[in-house]
Each structure stands twice: as structure tokens, then as C-alpha cells.
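One structure below.
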Amino acid sequence: MEDIHVANAKKNVPKKGFLDIEIDPTIDLFSEIERLKKEKNMVLLAHYYQEPDIQDVADYIGDSLGLAQQAEKTSADIIVFAGVHFMAETAKILNPAKKVLLPDLNAGCSLADSAPAEPFRKFKEQHPDHIVISYVNCSAEIKALSDIIVTSSNAEKIVESVPKDQPIIFAPDKNLGAYLVKKTGRDMVLWNGACMVHEIFSLEKITKLKTRHPNAKFIAHPECEEAVLRIADYIGSTTGLLKYSQQSDATEFIVATETGILHQMQKASPNKTFIPAPPNNSCACNDCPHMKLNTLEKLYLCMEYETPEINMDEELRKAAQQPIDRMLEISAKYGL
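Residues in the sequence shown are numbered consecutively from 1, following UniProt numbering.
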């Protein structure tokens, strides 16, 4: 018989977004999470932007491309996704028969929110001869309206794989789109969307920081604004930034992306110094508030009670799967 508190907490998930249950403070959450993974044949996938404790207990840590690839090939019965909503949705799209769990349903994405399905559908109708390439940071509805999905790891190669005479709409990130136009020379129609974290970096403060740390390499994610990218020593996906910091001879790095990645950078290169690029105000806005909604406690509860679960309309799921499959095919072809 299910405990009344648990039953009530489950009932409140649609309203609260997570299981609001008190946990015994003496519980070792790390060992409990490991036990649940083994007992229930669960795989725990975590994005680089999750808090360090969650990264340390995950089976796989990666960027959007790596996580989609892991989700596609897992043999686990249950996929637990420590990330944001569109990522767990992508795992469900690729694994309709598996249970996919997300610790907090409120873990959304400002970039995904910047492309609502109906306005985007109308925008697409205005460009009937264009194919739609969408960044993975979008809702299942936008994926279903797309021809190919990309991540920051594979976007350049995928755009270049499209015939030169084929017009392209790129959505939802205008900064990544502008960067790709510059890199590939393709004249794409850009949807006007952006990520709140990557839009807020201060060019002035970064320039001052570079003056104070003259030997530091400034590395940036392509979702940053063009003015910030212009002064970067290296531009790359989250995984690209991590690899660059490991392979570079430099010992100091100023990093313009969500601060969660600094944990992996420090672990991989303990003798190097990593400085988060400053935002243009006094708040810690280079922390993604959505990513940080997931906590170790919420993660444990969602694994213990297998709630909240991601469910999806089958017709929508099938439509959204086609452009993701196309991405995975092209990525495999180029060895990405």
C-alpha cells in the first residue's frame, strides 16, 4: 500500500513539477542512487550544466549530441534524465517503449521557449521552399516541424551537407545561426530566438578580465552574441570547450558558457585555472536557472518513485523522431 504522503505528492506533480516529499537527512543519497540504478536497471544521463553532485553520480555526462546518442543506444529499462525538459523529451522520442524520468518538470529552457509552435508554423509557411534545420534546444512540436535537428557539435557539418542551392531556415537560436552563416557562407533565414545564459555575457567585463589575465585563453559557446565570439580564442560546443581546455598548453581559461562545465574542466585538468566569464549585471546569470532546478534530492525521489515521467502523443513523437534520426545518421557519417 502506497504511503499517503507519497500518493499526495504524486497527485501534486502536475502542479508542482516534482515530488515534494521530505527525505530523511541521514540517508546517503549517493549510495541510494547507485542502489536504485542497479535494482531497477536505470541509466542516469546528465548534462554538463548540472550541479557537480549530480554529474558525479551520473552514468554518462555530455552535451546535447552525446546525450541523444547515449539515449538512442541504451539497454536500460528506465532513462533518468538530469537535464532540461527538451532533453528528456528527446530521449522519449528515441525510446518510446522505455520509461523516461525528469526530476523536475519545471526545468525548461529559455531558448526552447523563444520558439512557440504556432508562430513558428506561420513563419515556416512564409518560406515554403526552405528546409528547416533546428537546434536540438527546442520543443517536440518544433522538432516535428523541422527537417533536420542539429547540436552545436555537429551543426556546421550538417549545414554544409545540405545542397548549396537549397534555402534554409535555421531555428531557434539566432546567435548560433549567425555564427553558422559566418562559418559556412550559407545565407540562412534565422528565427529570432536566444538563450538567456549565453546572451548575458558582458563584452566590456570580459575585455577587462582578459587584461587582468593576459595569458588566459578566452573560450566561448557559439550561442554567445557575435561581439563576444569575435574576441574568443576558441569557439565550440560544450564538449569542444572541454576538449580544448584539456589539450591546450594554456593554464588559464576564461569560459563563456554555463558554469556547470567548469566542474568537468577542473576534474580533467586539476592544475589549470578556470574563470567563468562575467555577465552584464551583478547576478549569477551564467548559471542556468532551469538546469539548476534539478537537485540530488529530487533526483533520488524521482528514481525511487519513478515520477515525474515524460509522456508524449505518439503521432507527435513519430514526427519529431524523423529529423533527429536524420541528425544521428549524418553525425555517424562524419564520425561525430
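Glycine included, each C-beta is placed from N, C-alpha and C at the ideal position.
heavy atom of the ligand GTP below 7 Å from residue i C-beta
| i | result |
| --- | --- |
| residue 35 | Absence of the ligand GTP is noted for the structure shown, with no ligands found whatsoever. |
For residue j and residue i, the rounded distance between their alpha carbons
| i | j | result |
| --- | --- | --- |
| residue 243 | residue 268 | 9 Å |
| residue 181 | residue 114 | 20 Å |
| residue 127 | residue 19 | 44 Å |
| residue 185 | residue 30 | 48 Å |
| residue 13 | residue 308 | 7 Å |
| residue 334 | residue 141 | 27 Å |
| residue 52 | residue 165 | 45 Å |
| residue 58 | residue 149 | 25 Å |
| residue 95 | residue 71 | 7 Å |
| residue 336 | residue 112 | 24 Å |
| residue 26 | residue 32 | 11 Å |
| residue 157 | residue 330 | 8 Å |
| residue 283 | residue 229 | The predicted model places residue 283 with a pLDDT of 49, which falls under 50 and marks its position as unreliable; any figure quoted below should be read in that light. Each residue's Cα considered, the two are about 22 Å apart. |
| residue 258 | residue 167 | 32 Å |
| residue 144 | residue 322 | 8 Å |
| residue 101 | residue 45 | 10 Å |
| residue 188 | residue 295 | 39 Å |
| residue 134 | residue 292 | 25 Å |
| residue 346 | residue 81 | It is not possible to answer for residue 346, since the shown part of the chain is limited to 1 through 336. |
| residue 328 | residue 24 | 42 Å |
| residue 213 | residue 270 | 18 Å |
| residue 272 | residue 54 | 23 Å |
| residue 170 | residue 56 | 35 Å |
| residue 316 | residue 124 | 18 Å |
Environment of residue i [buried if 16+ CB atoms lie within 10 Å]
| i | result |
| --- | --- |
| residue 3 | exposed |
| residue 5 | exposed |
| residue 207 | exposed |
| residue 172 | buried |
| residue 7 | exposed |
| residue 246 | exposed |
| residue 154 | buried |
| residue 104 | buried |
| residue 75 | exposed |
| residue 211 | exposed |
| residue 368 | Outside the displayed span of the chain (1 to 336) sits residue 368, for which this structure offers no information. |
| residue 146 | buried |
| residue 174 | buried |
| residue 332 | exposed |
| residue 37 | buried |
Contact check, residue i vs residue j, beta carbons under 8 Å
| i | j | result |
| --- | --- | --- |
| residue 202 | residue 119 | no |
| residue 176 | residue 116 | no |
| residue 60 | residue 260 | no |
| residue 93 | residue 250 | no |
| residue 226 | residue 256 | no |
| residue 231 | residue 253 | no |
| residue 217 | residue 237 | no |
| residue 239 | residue 108 | no |
| residue 131 | residue 159 | no |
For residue i, the three-state DSSP class (helix, strand or coil)
| i | result |
| --- | --- |
| residue 173 | strand |
| residue 303 | helix |
| residue 105 | coil |
| residue 332 | helix |
| residue 47 | strand |
| residue 283 | Legend: pLDDT at residue 283 = 49, less than 50; position of this residue unreliable, no value from coordinates given. |
| residue 240 | helix |
| residue 162 | coil |
| residue 118 | helix |
| residue 253 | strand |
| residue 86 | helix |
| residue 188 | coil |
| residue 276 | strand |
| residue 148 | strand |
| residue 62 | strand |
| residue 110 | helix |
| residue 34 | helix |
| residue 309 | strand |
| residue 18 | coil |
| residue 132 | strand |
Nearest neighbour of residue i, chosen from the options [CA to CA]
| i | options | result |
| --- | --- | --- |
| residue 10 | 329, 328, 314 and 306 | 306 |
| residue 40 | 303, 215 and 151 | 303 |
| residue 122 | 28, 191 and 211 | 191 |
| residue 340 | 106, 211, 73 and 99 | Coverage of the chain is limited to positions 1 through 336, which leaves residue 340 absent and any answer about it impossible. |
| residue 43 | 210, 24, 88 and 322 | 88 |
| residue 86 | 77, 76, 110 and 74 | 110 |
| residue 63 | 129, 38 and 151 | 151 |
| residue 392 | 160, 145 and 78 | Since the displayed the chain opens at 1 and closes at 336, residue 392 lies outside it and no answer follows. |
| residue 274 | 241, 324 and 135 | 241 |
| residue 91 | 124, 210 and 137 | 137 |
| residue 209 | 174, 276, 34 and 146 | 276 |
| residue 22 | 325, 147 and 300 | 300 |
| residue 399 | 125, 265, 315 and 68 | Look at the range of the chain in this structure, 1 to 336, and you will see that residue 399 is not part of it. |
| residue 194 | 224, 205, 266 and 310 | 224 |
| residue 310 | 47, 16 and 99 | 99 |
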